[in-house]
Every structure is written in C-alpha cells, then in structure tokens.
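Peer 1: The sequence shown maps to residues 1 to 551 in UniProt numbering. The beta carbon of each residue, even a glycine, is placed where N, CA and C say it ideally should be.
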Amino acid sequence: MPPPPTSATLQWLSLVAIIWLQSVNGTNTTFPAYSSQLKNLLSLSQLQLNNLAFASDAGKLFGFISGFAALHLPLPLVLLAGSLLGLAGYGAQYLFLTGTFITSLSYPQIFLLTVLAGNSICWINTVCYVVAVRNFPAGHQPLAVGLSTAYQGLSAKIYTVLAAAIFPSSKNPAEAYLLLSSLLPLLVTTFTAPLLRNGEVEWGPIEMGRGGVVAMFLVTIATGVYSVISSLTFISRTMSPSRGTIGISIFLSAPLAVPVAIKLWERHVAGKKKGSTRIHTMNYVEEIENGVVEGGGETKLPMETAVATISGEGKSGGDVSGDEKEGFVGVGVMVKRVEFWVYFGAYLCGPTIGLVFLNNLGQIAESRGELRTSSLVALSSSFGFFGRLVPSFLDYFLARSRCKMMISRPASIAALMAPMAAAFFLLVINTTASFNHVALYVSTAVIGVCTGAITSISVSTTSDLFGTANFSLNHNIVVANIPLGSFAFGYLAAFFYHREGGGGGGGKCMGMLCYRDTFVIWGSLCGFGTLLALVLHARTRKMYSQTVLAT
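Shown next as structure tokens:
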C-alpha cells in the first residue's frame, strides 16, 4: 500500500501556500513609495501623514481578534476575513483617489480605513504562523516560520515591480499601490486557501525532509539574490518593468518545485515497495507511532520542557501547572512575567524603530534630495527578505551540526540591534553629497536586514518563552508594541521635521537637519534595546542550555 500523500507532499504544499500569502501580505511596507505623493494629493501636514503611517500599524492593536478567531474558526475562513478587510480598507481609499463612487472622505475616515487595512495583515499573518507551527515537526517549525516570514519582507519589492509594469504611465503611484494592495491579497487567498493543511504532523522519511529543506533554501537564497541585484540603481534603470515582473514571478513560482519533487519521490518509494525491498519509510512511521524520533528522543519538543522550567520561575516540578507543562501559557500569566516586559521593551526599541524608519523612508529620502524613492524602498525590502531568512538558515544547520550548537535567540536579537544603532548614527554624519548618498543606502540596507532578522527571530522567541499552545494570541500581544512605538517614534520624527521645516502647516523640510535629532534619539534607543536583549539573554540562558542538552 503506497504511503499517504498527506505525509510530506501536502505539508510542503502548505508551506508554498503560506510563502505566497506572506509575499503579498506586507501591504503596509509600500507606504513609503507613495507617501510623498499622498501628502500632496490630500494636502496633509507631516504630522497627519505620520498619523496615517501609525494607523496602518494601529491595526495590530486589534490583532488579538484574529488570534481568537484562529482558535475557534476554520483557518480558510480566518484567511478570507483578513483579505476582505484589506479589500475594504485599501479599496475605499482607491475609489476616493480616483473619484469613482466615493467622492468625499474626511481625514478621520481615511485614518479608520487605514487602521482596517493594517488589521487585515494580522489575520493573514496569524493563519500563516498557525499552519507553520501545526503542520511541521518540532525541528522544522522555525524553518517553516522563517521561510514564510522572509517572503513577507519581499512584499514591497513585489508591489513596486507590479505597479511599474501594470501602470507604466501612471502619474499617481498612490492609486496603483492602493489598487494592488486591495486586490492582490484577496486573489492569492482565494487560490491558496484549498492548499493549506491544518492537521497532525506525519513526517515522511528523513532524507525526504532534508532534501526538501536544502532545495527550499537554495530557491529562497536565489530569490533574494535576484531581488537585491535587480533593486540596485544601475540595474533597475536598465531593466524594463515587464522583465522585472517576469523575473520575480519565476522566482516566486520556484518553491512549487519542492512538493512536486517530493510527490515524485513518494511514487518512486511506492513503486519500490511493491518489490521485496523493505524501505525506510515504514520503519520511520513505526518510530513516530511509538513516540521515537532520530536520536532516540521522544517526539515532545525539547523547548516545551524548558518553557515549563521558566514558567515555574523557581518553583519545584510539582508546582508547575498542568497547562504550563503542556506548553500552554495564557495572556494573564504571560504579562505577569519579567521576561515578557523585558522582551516587549527590547522589541519596542529595536525592530519597531526599524519599521518606523522604513515607514518614513519616503520623507527621509526626499529631505536628503533622493529622487528614486521606489528604488530605495525595493532595496530595503530585498535586504529585509535576507534578514528574515538568515535566522532560519542558521537555526536549521547549527541544530544538525556535530557540535549541537544553539545560539540563544535573545543574544541574537542583541547582536542584531547593535548594528542598527550604528546605522542611525551613520545617518547623522554630514560631509559630502556623495557620502550622504552612500550612507543612506548603506544604513537602509543594514536597518532592513536587522529589522527583518529580529522580526523572524521574534516568532520563535515568543513560542520559546511562552509555549506554542496559545501562540496565536500571545504573539499578537507581543507585537502590539509596534503601533505604540509607531505613534511615539513617528510623532517624534514629525515634530523635528516640522520644526526644522519652519513650522509651516504643509511645508517641506529639505536638508540633513530634518531628521538629525530623530536619528540620534533612535540610535540611542536601539543601544538601550541592545542592553534589554542582553538582560533577557541572561534570564533565559538556562532554558536555552537545557534545550541544547535535550537535543
């Protein structure tokens, strides 16, 4: 009897589906590409424009709703709800800008529509995280999450290429981006929802899993290399929009080759089994049924045992509740822990500041005399893609190395936040125009890659610290710091911009002074966040060392 096709083929097909979902889910990352034009079209002040950037992040404040929905509703329904929210939020703004059906919208209405659109991202994110965590065995969960979130970092690049190809002569890029942001997630959701598998893990042969991982990494790395190279100014100027669209489409389709190859492998194994040869697949299935995995350990995730240790915080084994032993940590318990607030603060002073910088990239580039904002946004997106990918790459291969080395995730966060601080201080230096130009591109690349990496690491960090059973809700609580930081840090940037611009209601600020004080404060906060990450590392070092011993 041939092995069931649901074992490995559908798991990898589900991964391809969430990769495609995440690749179009970063709709908020396109805001810098058209923010300056939106400011002029709507006659907004810098503070009002900043509030719209905050509104997109403010949707994450209601991300817990998608967490509850994922616990009680079918995942395809949660996915559809998220895409419809995006259709309503971005679609209404598009109709207003084009004067179609909607001829008048007040600023508060635009603000609320942006909040609605921002919240739609949480719904799709939640589904992707839940599928990745539930659909893959313990050793492959960080890999699946990391790969899918990496592609979300590519969203700005994808939307930039599509906008240039579909609307080549458009004088209003805001309309193009809003139309794509409203329709593309819904189209991809409709196509991928039937491919999502949400069930118990039934992993196939070890060789099949490893081969799929290596193939997926090669495809992803090739996609990132293409994205970075095609985003470079001297390349993007010579590449036509249609060629750019064809290129990125080919690389986005490439992950589909992995489940196809695994399906062919399953047929090959089924054919061999008809003979007298006893294949390894049946042995492995028996090991799973008996609760044994490679190395003789139990199928229980080692990190879950470690979570129970940190949950007790000095209690004896008998004092740890049954839920915590199973890796369940409720929100009420989570927010009472010191680790949560240290982690929350480190995230606030690191990747959140990075996201605020990227949200303001359009205005920052304009103030420094940069004309090709879309190229800069595509560059930050491409490096963010690599940043999100690297942690999963290192986790997977270090865990399988002979030294069984595991880097503490809080330590990794600290190591990534230090270069971010340096990048902000680099932007303060004002020498020649050529140096300032290079400094902007280098700092954008550094902040993009570090922000992407920490964003990817944080998903696994949340499950490490607080378990996987209540992950969908817990992580939405953690990332609630993003809208809070977006408002506070964005308002700070708008205040200094407004002050240096002479205080005019809608006036522009030009020159290095527009964001100088902002960069100094952001860099200092990143330094403080580095210290918080080191504190979290010190408090969780025992937990991670137990994980290494357990593996």
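1) Would you mind working out which of Ser240, Arg267, Tyr226 sits nearest Ile248, comparing C-alpha positions?
2) Any contact between the region 42-59 and the region 491-503? By contact I mean 3 or more CB pairs, one from each, below 8 Å.
3) Threshold first: 4 residues or longer. Then list the alpha helix (DSSP H) segments lying entirely within the region 380-432, N to C.
4) The alpha helix (DSSP H) spanning Tyr491 covers which residue range?
5) Buried or exposed: which applies to Val214, given that a residue is buried once 16 or more other Cβ atoms fall within 10 Å of its Cβ?
6) Going by DSSP in three states, Phe167 sits in which element: helix, strand or coil?
7) What whole-angstrom Cβ distance do Leu147 and Leu252 have, given they're in contact under 8 Å?
8) Are the beta-carbon atoms of Val535 and Val342 separated by less than 8 Å?
9) What does a CB cutoff of less than 8 Å around Ala254 pick up in its chain, not counting 5 residues either side in sequence?
10) Note down the Cα distance separating Glu175 from Ser35, rounded to an integer number of angstroms.
11) On a Cα-Cα basis, can you pick out the residue from Ile407, Gln11, Gly26 that is closest to Ser120?
12) Just tell me which of Phe386, Glu370, Pro168 has its CA closest to the CA of Ala150.
13) Using the Cβ count rule (16 or more neighbours within 10 Å means buried), how would you classify Ser486?
14) Is it right to say Val438 is buried, meaning 16 or more other beta carbons lie within 10 angstroms of its own, or is it exposed?
15) Which residue comes first and which comes last in the alpha helix (DSSP H) that contains Leu361?
16) Which of the three DSSP states, helix, strand or coil, is assigned to Asn40?
17) Do the region 346-363 and the region 527-534 meet, that is, are 3 or more Cβ pairs less than 8 Å apart?
18) I'd like the list of long-range same chain contacts for Asn290, defined as Cβ closer than 8 Å, with 5 residues on each side in sequence excluded.
19) Alpha carbon to alpha carbon, how far is Leu154 from Thr190? Give it in angstroms, no decimals.
20) Under the rule that 16 or more other beta-carbon atoms within 10 Å means buried, what is Lys60, buried or exposed?
21) Under the assumption that Gly118 contacts Ala55 (Cβ atoms under 8 Å), give the Cβ distance between them as a whole number of angstroms.
22) Exposed or buried, which one is Ser443 when buried takes at least 16 other CB atoms within 10 Å?
23) Answer with buried or exposed for Leu41, where buried requires no fewer than 16 other C-beta atoms within 10 angstroms of its C-beta.
24) Phe111: which of Phe167, Val131, Leu44 sits nearest, CA to CA?
25) By the three-class DSSP mapping on this structure, what secondary structure does Thr103 have?
26) Would Leu186 and Tyr94 be called neighbours here (beta carbons separated by less than 8 Å)?
27) At which residues does the alpha helix (DSSP H) containing Val331 begin and terminate?
Peer 2: Inspection of the coordinates gives the following:
1) Answer by Cα proximity: Tyr226.
2) Taking one beta carbon from each stretch, the region 42-59 and the region 491-503 have 3 or more pairs nearer than 8 Å; the two touch.
3) Counting only runs of 4 or more, we get 409-428.
4) Bounds of the alpha helix (DSSP H) holding Tyr491 are 481-500.
5) It counts as exposed.
6) When secondary structure is reduced to three states using DSSP, Phe167 falls in the coil class, being assigned neither helix nor strand.
7) In fact, because the Cβ distance is near 13 Å, the residues do not count as touching under 8 Å.
8) Val342 sits close to Val535, with the two beta carbons spaced by under 8 Å.
9) Cβ neighbours of Ala254 beyond the five flanking positions: Val219, Ala222, Thr223.
10) CA-CA distance, Glu175 to Ser35, rounds to 11 Å.
11) The candidate whose alpha carbon is nearest that of Ser120 is Gly26.
12) Ranking Phe386, Glu370, Pro168 by Cα distance to Ala150 puts Phe386 first.
13) With 16 or more other Cβ atoms within 10 Å, it is buried.
14) Per the 10 Å Cβ criterion, exposed.
15) Here the alpha helix (DSSP H) through Leu361 covers 361-367.
16) Note: Asn40 maps to helix in three-state DSSP.
17) Output reads yes: the region 527-534 touches the region 346-363.
18) In this predicted model, Asn290 has a pLDDT of only 42, less than 50, meaning its place in the structure is not dependable enough to derive any value.
19) As the crow flies, the alpha-carbon of Thr190 is around 20 Å from that of Leu154.
20) By the 10 Å Cβ count, Lys60 comes out buried.
21) Going by Cβ atoms, the distance from Gly118 to Ala55 rounds to 6 Å, so yes, they are a contact pair.
22) The residue in question, Ser443, is buried, as its Cβ has 16 or more Cβ neighbours within 10 Å.
23) Burial call: exposed.
24) Checked all of Phe167, Val131, Leu44; the closest Cα to Phe111 is Leu44.
25) Secondary structure at Thr103: coil, using DSSP grouped into helix, strand and coil.
26) Pairing Leu186 with Tyr94 gives a Cβ-Cβ distance that is not under 8 Å.
27) Here the alpha helix (DSSP H) through Val331 covers 331-334.
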